[in-house]
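K.L.:
Position 182 of the sequence shown, counting from 1, maps to 182 under our numbering, and the rest follow consecutively. All C-beta atoms, glycine included, are put in the ideal place defined by N, C-alpha and C. Have a look at this one before I ask anything.
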Amino acid sequence: MFTQFKLDPILLESVKRQGYTSPTPVQSAGMPPALEGRDLVATAETGSGKTAAFLLPIMQRLLAEPRGRTQALILCPTREIALQTNEEAAKLGRGTGLRSVAVYGGVGFEPQTKALRTGAEIVVATPGRLLDHMGRGNVNFRNLRVLILDEADRMLDMGFIPDIRRILGSLPQNRQTMLFSATMPPEILSLSNHFMKSPARVAIGRPSTPPKTIQQAVYAAEPQEKTSLLLGLIRSEDMDSVLIFTRTKHRADRLANQLTRAGIRAACIHGDRSQHQREEALDGFRRGRYRILVATDIAARGLDIQGVTHVINYDLPPIPEDYIHRIGRTARAGASGQALSLVTREDAEALRDIEMTLGRELPLSELRKRTIAPEQPIAELRRRTRAPEPDYSNARIQVQ
Ligand code: AMP
């Protein structure tokens, strides 16, 4: 229960409005020290509920503070995460009078400058654009109380550590600092040792197994039949909101075009699309304007996309852990979902690696039996993966 935390009734009401009935593990473990004002290092990734785990304590703390001064800074790796965090801040902060602004590159300075100059209490920023604003004298951190480093390992990967050190150098020393990261590479640990005062440590295990509520299945296909198999699946199944992963940007574009031509409302996101295009695609998908979002791993990382009923691996991911990340997009926070993978013979090794990471075999769909001559390719696939022959006596998609 959220009432276990000493939160203002306005915030408890927001939590209720969001439909959060009980705290997630990172919230249960992280919020008490955060509410006490302690520094915190938390190992937790997107999907764990970490955003609310830091936003609620920030808001609780700022409720009593004077308005019109920037008092909390949340640094994050990408524009999408900045926007998402800002949206969550707007929802959780409703009725508090606290303002939050997202500060990120690729768009004009003016609206951000205005919000910063009028002292938005919460600033959610990517490091590069924030430094630009700091260089222009647009932001005043003299009253800063709380600093969050969100997705610190990704900020490291993206080369932001020097920027972060520069930003840290101009913030007041007397503040609360909280760091959230999916993994804890040595560079992040040394950063945290350097800038934090005896932080509380919270580790929420990285999921080596996906949630039990996700049904998984593998569909064997020849490379050239993947799209028609996918179209058949989309048409035959009750698929409301489908996230499809491809291996490359080019394949994402091509597939989204093929789906659109087939009369299916589809959009795509990847690194070569403009900020505007990505936002339009994401917003359209969230609102149901698009039924399908085609994405590459990098573009989708860290994005919180709610209510996904199906994740489809049009191409298997080259890194086995990415399989778990991808399919974790469905069945968020207790809901159920399905994860389907289209697998060609060339994928035999990648499939075996994924199955070894999962610690078990994925069920092959019976659809193969109906659409393509079954014995030879599947037997071959299985031989090459050195897994036993599947049992077709069960339903088409087996519940894990
Ligand atoms: P995050 O890890 O912050 O990206 O959050 C993942 C998703 O979980 C978001 O859609 C949140 O709205 C949702 N969420 C956060 N806390 C809870 C909770 N206690 N109960 C249910 N859903 C939650």
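Is the number of C-beta pairs between the segment 292 to 302 and the segment 242 to 259 that are closer than 8 Å three or more?
P.N.:
With a cut-off of 8 Å, the segment 242 to 259 and the segment 292 to 302 count as touching, because enough Cβ pairs lie within range.
K.L.:
What's the gap between the Cα of ARG94 and the Cα of LEU56?
P.N.:
Going from the Cα of ARG94 to the Cα of LEU56 covers about 12 Å.
K.L.:
Using 10 angstroms around the beta-carbon of ALA379, count the other beta-carbons present and answer buried if the total reaches 16, otherwise exposed.
P.N.:
Per-residue confidence for ALA379 stands at a pLDDT of 47, beneath the threshold of 50, marking its modelled position as unreliable; the derived number appears in the next sentence. Exposed is the call here.
K.L.:
Secondary structure at VAL107, three-state DSSP: helix, strand or coil?
P.N.:
It is coil, neither helix nor strand.
K.L.:
Could you pull the start and end residues of the beta strand (DSSP E) that HIS310 belongs to?
P.N.:
310 to 313 is the extent of the beta strand (DSSP E) around HIS310.
K.L.:
Under a three-way DSSP split, which group does THR118 fall into?
P.N.:
Correct three-state label for THR118: coil.
K.L.:
Could you give the DSSP three-state label for TYR323: helix, strand or coil?
P.N.:
DSSP places TYR323 in helix when its eight states are reduced to three.
K.L.:
What does the alpha-carbon distance come out to for the pair THR213 and GLU349?
P.N.:
Roughly 26 Å between the two C-alpha positions.
K.L.:
For the pair the segment 74 to 94 and the segment 115 to 132, tell me if three or more CB-CB distances fall below 8 Å.
P.N.:
Yes, they touch.
K.L.:
Checking the sheet assignment: what are the DSSP bridge partners for LEU147?
P.N.:
The partner list for LEU147 (beta bridge, DSSP) reads LEU73, THR177.
K.L.:
State the Cα-Cα distance for the pair MET31 and VAL15, rounded to the nearest angstrom.
P.N.:
Cα-Cα distance, rounded: 14 Å.
K.L.:
I'd like the list of long-range same chain contacts for PHE160, defined as Cβ closer than 6 Å, with 5 residues on each side in sequence excluded.
P.N.:
The residues are PRO127.
K.L.:
So what's THR330 in DSSP terms, helix, strand or just coil?
P.N.:
In the structure shown, THR330 sits in a strand (DSSP, three-state: E or B).
K.L.:
Could you give the distance in angstroms between the alpha-carbon of MET1 and the alpha-carbon of SER48?
P.N.:
Answer to the nearest angstrom: the Cα atoms are 16 Å apart.
K.L.:
Below 8 Å, can you find three or more Cβ-Cβ pairs linking the segment 160 to 176 to the segment 16 to 24?
P.N.:
The answer is no - the segment 16 to 24 does not touch the segment 160 to 176, with fewer than three Cβ pairs under 8 Å.
K.L.:
Less than 8 Å separating the Cβ of GLY47 from some heavy atom of the ligand AMP?
P.N.:
Yes, since a heavy atom of the ligand AMP falls inside the 8 Å radius drawn around the Cβ of GLY47.
K.L.:
Contact check, ASN140 vs GLN71 under 8 Å by CB: the rounded distance?
P.N.:
Not a contact, Cβ separation roughly 11 Å.
K.L.:
Three Cβ pairs or more, each shorter than 8 Å: is that satisfied between the segment 274 to 291 and the segment 340 to 349?
P.N.:
Output reads no: the segment 340 to 349 does not touch the segment 274 to 291.
K.L.:
For PHE245, list the residues DSSP reports as bridge partners.
P.N.:
For PHE245, which the question treats as bridged, DSSP gives the partners ALA295, ASN313.
K.L.:
Would you call the CB atoms of TYR401 and LEU230 closer than 9 Å?
P.N.:
Here the chain has residues from 1 to 400 only, and residue 401 is not among them.
K.L.:
Please report the distance separating the alpha-carbon of ARG99 from that of ALA182.
P.N.:
Their Cα atoms are separated by approximately 28 Å.
K.L.:
Given a cut-off of 9 Å, decide if ASP157 and PHE180 are closer than it, judged by their beta-carbon atoms.
P.N.:
No, the pair does not count as a contact, with Cβ atoms beyond the cut-off.
K.L.:
Check whether the Cβ of GLY106 sits closer than 8 Å to any heavy atom of the ligand AMP, and report yes or no.
P.N.:
Checking the Cβ of GLY106 against the ligand AMP gives no.
K.L.:
With a Cβ-Cβ cutoff of 9 Å, do LEU364 and ALA221 count as a contact?
P.N.:
Contact: no.
K.L.:
Could you give the first and the last residue of the continuous alpha helix (DSSP H) run that contains SER236?
P.N.:
Here the alpha helix (DSSP H) through SER236 covers 226 to 236.
K.L.:
For GLU237, which of GLY105, ALA90, ALA339 has the nearest alpha-carbon?
P.N.:
Of the candidates GLY105, ALA90, ALA339, the one whose C-alpha sits nearest the C-alpha of GLU237 is ALA339.
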